[in-house]
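Residue numbers (the numbering used here): 265 to 867.
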């Protein structure tokens, strides 16, 4: 019973089967035409030299040249097809592997995510290399053994025996090196991941003299990888040496017995050379497979890793494109258990936000604020419960291409190497007015115009060429681009000065005026003065939730506390507080700010 392909890589290889079958058939003719030279030698010795006929020699030579030309064309066609198969697989797997790698990275398995992209290249290189072609030659070894038997059964038996010995050596090579190559490959993957991680922290490493420690860590990783690789290479080298000895011994044995048979007049002198060539063609693919077994093993490991990461990726079915949402957000019994954790990060959260409202989320470090933000933004899936936008699960919106309705600013901002325009527009072909509007909303347009190439300025990997404040504003502009309906901002004022915080407040007010639902996650309460509702998280559960004035009243009466970081007092904060004290509605906000400034209930 045929097993149904369950991952994209299995489906891709299923689609490649007709092409691979054609390569297999072409390989048959390539190997069949390889008999041309041995047959030519036999005819030369048996007929041409005996008859001294130039016409026969000319005709035989022309036939051989034609056969060799066809052989060369077929071999080139075969290699070209293998190259195209590798390239097609690369194109076919890029999109699903990218999605699976992103999902894997979101599950904190960033090493597997980074390796997946390299594994695609490894498969492509395997099909383009000599190891793959050698595998297609391997099944046709019996053709040359049969030809040797036709020359003389004794010579055929020698060739068959040598082939069996080499096949046993090839299987032994697989058994003794498979686990070592797998261990070495895993160690190299981990080493490359650590090196990439260290490169992202070069400033800390350089400033605090951590380079010797970094060198020690990398050396330990490399040592583990090299130990397994050297052990595998050592065993493989011994087997390769034995295989080479067996082939040369078989070559000498065949020539010796062929000469003996010539002396006995059982075969013609030309059979000596013909048998030697046939033996080389029969043993060559087997020995080649042994010599290139590392490439075969590497390709198999790449295939296994890709199949694993694709199998773990969530299956998203295409759905009809949904209309622009109103922004009604509802959280229903939301629970999230991180991989490997003993306790959930969030436990049975339930609340709702109306369109056009601003929700402030506060709590101590580790309370689950950022996790809640990631769940609302749809970057991770809940263990239980639902995040619904206009009644539909967030996953349904994202599966239907609704990403444009979401805006998200993570804590680390996560800018992408490229231009300012590309980062604001989310790597889309966007109209210049839309990009400028998003930048202007966060007060960044004038800053961008002072850059060397304005909106086309390359910001470097992660925005390293920008200041911290500009990176923060650029992340905000990206979140506000296109006026999304649901916006999640995690510590949006982390690197902003007073002017930046004021621009942030104005942009949030504008998005609220456009009917967008805004979630602001913060540890400093000053930014929450504009919130309509406040959610207080404590150890993954809801400590308090309600209208801002209601939460302020609870704080004033000591019925709840908000264990957050002491705020940075800025001129903008003072102005907001002075304005807040003039209205009855803002009395609760002033109470929050006063309590926060005094440090009451703060850990």
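Idealized CB from N, CA, C, for every residue including glycine.
- Task: Would you mind stating whether residue 615 and residue 647 have Cβ atoms separated by less than 7 Å?
- Result: no
- Query: On the premise that residue 805 lies in contact with residue 591, defined as a C-beta separation below 8 Å, what is that separation, rounded to the nearest angstrom?
  - Reply: With a Cβ gap of about 26 Å, residue 591 and residue 805 do not count as contacting.
- Query: If you draw a straight line from the C-alpha of residue 277 to the C-alpha of residue 693, how long is it?
  - Reply: 33 Å
- Query: Taking the continuous alpha helix (DSSP H) assigned at residue 555, which residues delimit it?
  - Reply: 534-555
- Item | beta strand (DSSP E) runs contained entirely in the segment 631-703, provided each spans 3 or more residues | Annotation note: the segment 631-703 contains the following uninterrupted beta strand (DSSP E) runs of length 3 or greater, listed N- to C-terminal: 648-653 and 670-673.
- Straight-line gap, residue 801 to residue 569 (C-alpha atoms, nearest Å): 39 Å
- Item | Classification of residue 611 by the beta-carbon crowding that lies within 10 angstroms, buried from 16 upward | Per the 10 Å Cβ criterion, buried.
- Bridge partners - residue 610, DSSP secondary structure assignment: 600
- Message: Which residues does DSSP list as the beta-bridge partners of residue 594?
- Response: Answer by DSSP bridge pairing, in chain order: 616 and 652.
- Message: Tell me the DSSP secondary structure of residue 287 in three-state form.
- Response: helix
- Message: In the DSSP output, which residue or residues are listed as bridge partners for residue 808?
- Response: 800
- Item | Top-ranked residue by Cα proximity to residue 652, from 618, 674, 679 and 685 | 618
- Compare the Cα-Cα distances from residue 559 to each of 290, 338, 275 and 393 and report the closest residue. Ranking 290, 338, 275 and 393 by Cα distance to residue 559 puts 393 first.
- Query: Roughly how many angstroms separate the alpha carbons of residue 401 and residue 292, rounded to a whole number?
  - Reply: 8 Å
- Task: Check each candidate in 475, 327, 382 and 532 and name the one with the smallest Cα separation from residue 414.
- Result: 532
- Query: If you draw a straight line from the C-alpha of residue 454 to the C-alpha of residue 641, how long is it?
  - Reply: Roughly 30 Å separates the two Cα atoms.
- Residue range of the alpha helix (DSSP H) that includes residue 517: 475-527 is the span of the alpha helix (DSSP H), which, as asked, contains residue 517.
- Query: Taking the beta strand (DSSP E) that residue 625 falls in, what are its first and last residues?
  - Reply: Where residue 625 is concerned, the enclosing beta strand (DSSP E) stretches over 622-627.
- Note down the Cα distance separating residue 488 from residue 566, rounded to an integer number of angstroms. 20 Å
- Enumerate in chain order the residues of its own chain whose CB-to-CB distance from residue 725 is below 6 Å, with the five nearest sequence positions on each side excluded. 681
- Message: Within the continuous alpha helix (DSSP H) that includes residue 310, where are the two ends?
- Response: Going by DSSP, residue 310 is part of no alpha helix (DSSP H) at all; its letter is neither H nor E.
- What are the start and end residues of the alpha helix (DSSP H) that includes residue 530? Element bounds for residue 530: n/a, residue is neither H nor E.
- Which value, in whole angstroms, describes the spacing of the CA atoms of residue 279 and residue 398? 22 Å
- Keeping to the same chain, check which residues put their C-beta closer than 7 Å to that of residue 571; ignore five residues upstream and five downstream. 271, 273 and 274
- Message: Would residue 752 and residue 637 qualify as a contact pair, given that the criterion is a beta-carbon distance under 7 Å?
- Response: yes
- Item | Residue burial classification, residue 281 (beta-carbon count within 10 angstroms, cutoff 16) | Looking at its Cβ environment, which holds fewer than 16 other Cβ atoms inside 10 Å, residue 281 is exposed.
- DSSP beta-bridge partners of residue 722: 683
- Task: Whole angstroms is fine: what's the gap from residue 496's alpha carbon to residue 506's?
- Result: 16 Å
- Consult DSSP for residue 270 and reduce its assignment to one of helix, strand or coil. It is coil, neither helix nor strand.
- Task: Following the continuous beta strand (DSSP E) through residue 782, name the residue where it begins and the one where it ends.
- Result: 781-785
- Task: Tell me whether residue 334 sits in a helix, a strand or coil according to DSSP, three-state version.
- Result: helix
- Message: I need the straight-line Cα distance from residue 518 to residue 407, nearest angstrom please.
- Response: 17 Å
- the segment 548-563 / the segment 427-436 touching (three or more Cβ pairs under 8 Å): Put simply, the segment 548-563 touches the segment 427-436. At least three CB pairs are less than 8 Å apart.
- Query: DSSP beta-bridge partners for residue 750?
  - Reply: DSSP output for residue 750 lists 670 and 781 as bridge partner(s).
- Query: What residue from 602, 302, 748 and 290 has the CA that sits closest to residue 411's CA?
  - Reply: 302
- Message: Taking a contact to mean a Cβ-Cβ separation below 7 Å, would you say residue 605 touches residue 688 in this structure?
- Response: Against a cut-off of 7 Å, the Cβ pair of residue 688 and residue 605 comes out as no contact.
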